[in-house]
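Asks: Just so we're aligned: the sequence shown equals residues 105 to 303 in my numbering. Positions of the beta carbon are idealized from the N, C-alpha and C atoms, including for glycine. A quick note: this is a predicted structure, and the numbers were derived from the prediction, not measured.
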Amino acid sequence: MTMLFRATHPLLLVLSLALSSTGRADPFEEIGRCTAISADAERLRCFDAAARALPSADATAGDTGVWTIVRPPAGSGATAGRATATQGPSGPDNITLTIGCADGRPSLSAAREPVIARSASTLVTLHVNDRLVLSDLWSSSNNFRSAAMAGDVAAFLRGLPATGKLSLQFEGSRGFRFEGIFELAGIETVRRRIVEACR
Numbered sequence: 105m106t107m108l109f110r111a112t113h114p115l116l117l118v119l120s121l122a123l124s125s126t127g128r129a130d131p132f133e134e135i136g137r138c139t140a141i142s143a144d145a146e147r148l149r150c151f152d153a154a155a156r157a158l159p160s161a162d163a164t165a166g167d168t169g170v171w172t173i174v175r176p177p178a179g180s181g182a183t184a185g186r187a188t189a190t191q192g193p194s195g196p197d198n199i200t201l202t203i204g205c206a207d208g209r210p211s212l213s214a215a216r217e218p219v220i221a222r223s224a225s226t227l228v229t230l231h232v233n234d235r236l237v238l239s240d241l242w243s244s245s246n247n248f249r250s251a252a253m254a255g256d257v258a259a260f261l262r263g264l265p266a267t268g269k270l271s272l273q274f275e276g277s278r279g280f281r282f283e284g285i286f287e288l289a290g291i292e293t294v295r296r297r298i299v300e301a302c303r
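1. Judging by CA-CA distance, which residue of Asn233, Ala214, Asp234 is the nearest neighbour of Leu227?
2. Just to confirm, is the Cβ distance from Phe286 to Leu230 under 8 angstroms?
3. When the distance is taken between beta carbons, is Ala259 closer than 8 angstroms to Leu241?
4. Pull up the DSSP beta-bridge partners for Leu284, would you.
5. If you draw a straight line from the alpha carbon of Pro210 to that of Ser243, how long is it in whole angstroms?
6. Identify which residue in Arg295, Arg249, Cys138 has its Cα closest to the Cα of Ala153.
7. Could I get the ranges of all uninterrupted beta strand (DSSP E) runs contained in the stretch 213 to 246, with 3 residues as the minimum, in chain order?
8. Span of the alpha helix (DSSP H) holding Leu261?
9. Is the beta carbon of Glu283 less than 8 angstroms from the beta carbon of Ala266?
10. Answer with buried or exposed for Arg303, where buried requires no fewer than 16 other C-beta atoms within 10 angstroms of its C-beta.
11. Does the beta-carbon distance from Leu270 to Leu264 come in below 8 angstroms?
12. Just the Cα atoms here: how many angstroms apart are Leu212 and Ala301?
13. Would you kindly work out how many angstroms separate the C-alpha atoms of Ile141 and Gly268, rounded to a whole number?
14. Could you tell me the distance, in whole angstroms, from the CA atom of Val237 to the CA atom of Thr172?
15. With which residues is Ser211 paired in a DSSP beta bridge?
16. Under three-state DSSP, which class holds Ile199?
17. Report the CB separation of Met203 from Arg216 in whole angstroms; it is logged as a contact under 8 angstroms.
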């Protein structure tokens, strides 16, 4: 069983992220022992020792996707090039964002298992570095496992900064909501390759 809780101390967050994927002993026992220590220096040493005994949070649970270039198989037709970023294992909404080339134009879509939408379209709100960029309806695929941006994808890609985070928030008519967060580092390479593939 996995328990999710809001950690109010950075070390508690490290412990909760690491333990969620390693299956080690219950962390509350060790944390409780540390919090019971009255001397500040000794209590901090206890927390440090508890954190060192666990795998690094970075190694076990990331919350942002990383871009990778995927070459399409020969003769695949529609997609000439693609870059995919998948949200890390700490997030329950494992989303893949794909930038590709179809019919000579850049395309941007998001996919998720089991489904990304339960209707012909879903409302997608995009933020770049916590700044609202766009809120629009995306078209759902026939199996509802992906949704595609309907607007000017090329202009949107040109406007993305080289660093920071891109957040996509999905909302559906039946009350479902989920979010994918993606690092923008590497987007320049992705942009260049997709533009070349679409020529």
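Replies: Let me spell this out:
1. Ala214
2. no
3. no
4. Just to set this straight, residue 284 is Gly in the shown sequence, not Leu. BP columns for Gly284 point to Leu272.
5. 15 angstroms
6. Cys138
7. 225 to 232, 235 to 244
8. 257 to 262
9. no
10. exposed
11. yes
12. 14 angstroms
13. 40 angstroms
14. 24 angstroms
15. Gly204
16. strand
17. Looking at the sequence shown, residue 203 is not Met but Ile. Not quite, the Cβ-Cβ distance comes to about 16 angstroms (not below 8 angstroms), so this is no contact.
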